[in-house]
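Just so you know, the sequence shown maps onto residues 38 to 220 in my numbering.
Even glycine gets a Cβ: it sits at the ideal position worked out from N, Cα and C.
These numbers come from a predicted model, not from an experiment.
Written below as structure tokens is the structure these notes are about.
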Amino acid sequence: MRRLSRQQWITGAFEALTAGGIDALRVEPLAEQLGVTKGSFYHHFKNRRELHLAMLAEWERLGTSQIIDEVDEAQADPTSRLRALAVRTFASDPFSDGIETGIRAWAATDTEVAAAVARVDHRRIDYVVRLLRDAGMARAKAERRARLMYRALIGEYIWRTAGGPASTKRELEEMSELLLADV
């Protein structure tokens, strides 16, 4: 029997979440799907809840912290960072789309997950507000536009998960121009 790393368990759990929702994150079926024993699971996690928390931490790291770091490192000025952020976050990725929609559905039934989603949402929106403020936009307008961009992003995940086409490059450019209008 092969051995899995903690990260492989988390990735497998994300795959199960995207395919079957939170009910698919039971230890025995997950171990079977991954081709390992339950003992492998308990080598890395005390219980299911610990796996859940590890998934949330990984989602926040990959879907928020890493993206912010990449955008900040790649672009010097705030308007270029905002455009790069739009391209990066709206890029079509069925796995990421499934994780986002799966975690948001899960949050409807779990207060701890809902708190994690709220924290991530707040951090993401604050980052866009900071970019808009750094570009010269007044705080109130920057906050409104950041929320609009974020709502569009959440809608994009749901739209694509349901089979809709991804936003085109031109649409993303127009969105960025609208967000930056009057800067």
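Between residue i and the rest of its own chain, which residues show a CB-CB distance below 8 angstroms, the 5 nearest in sequence each way excluded?
i      : result
Lys75  : Val64, Glu65 and Ala68
Val238 : Here the chain comprises residues numbered 38 to 220, so residue 238 is not present and cannot be evaluated.
Asp158 : Tyr187
Val73  : Met38, Arg39, Arg40 and Leu41
Closest to residue i by CA distance: which of the options is it?
i      : options                           : result
Ile162 : Thr146, Thr198, Gly100 and Gly201 : Gly100
Ala218 : Leu190, Thr198, Arg182 and Arg188 : Arg182
Leu6   : Ala113, Leu62, Ala153 and Gln103  : Limits of the chain in this structure are 38 at one end and 220 at the other, which puts residue 6 out of reach.
Met212 : Glu149, Ala199, Gly72 and Arg188  : Arg188
Ala50  : Gly200, Ala145 and Arg85          : Arg85
Ala145 : Lys206, Gly58, Arg43 and Met174   : Gly58
Ala142 : Ala56, Ser42, Trp46 and Arg40     : Ala56
Leu185 : Arg156, Leu215 and Thr205         : Leu215
Ala128 : Pro202, Arg39 and Ala151          : Pro202
Glu95  : Val73, Val154, Arg197 and Ile191  : Val154
Ala152 : Glu208, Ile47 and Leu90           : Leu90
Arg98  : Phe82, Arg156 and Leu71           : Arg156
Glu208 : Leu190, Gly200 and Thr198         : Leu190
Leu104 : Met174, Arg160, Trp196 and Arg43  : Just to set this straight, residue 104 is Ile in the shown sequence, not Leu. Ranking the options by Cα distance to Ile104, first place goes to Arg160.
Arg176 : Phe78, Leu54, Glu110 and Val220   : Val220
Quick one: what's got a C-beta closer than 7 angstroms to residue i's C-beta in the same chain, skipping five residues either side?
i      : result
Tyr245 : Residue coverage of the chain in this structure runs from 38 to 220, which leaves residue 245 outside it and unanswerable.
Pro115 : Leu168, Asp171 and Ala172
Gly166 : According to the sequence provided, residue 166 is Val. The question's Gly does not apply to it. Answer for Val166: Ala179, Glu180 and Ala183, listed in chain order.
Comparing the C-beta of residue i with each C-beta of chain B, is any distance below 7 angstroms?
i      : result
Ser213 : In the structure shown, chain B cannot be found, because there is only a single protein chain.
For residue i, collect the residues of the same chain with a Cβ closer than 6 angstroms to its Cβ; drop the 5 residues on either side in sequence, then sort them by chain order.
i      : result
Leu93  : Ala153
Gln112 : Arg118 and Ala121
Tyr164 : Ile105
Thr48  : none
Trp46  : His81
Met174 : Val220
Q.
Could you tell me which whole alpha helix (DSSP H) segments of length 4 or greater appear in the segment 122-198?
A. 131-144, 148-171 and 176-198
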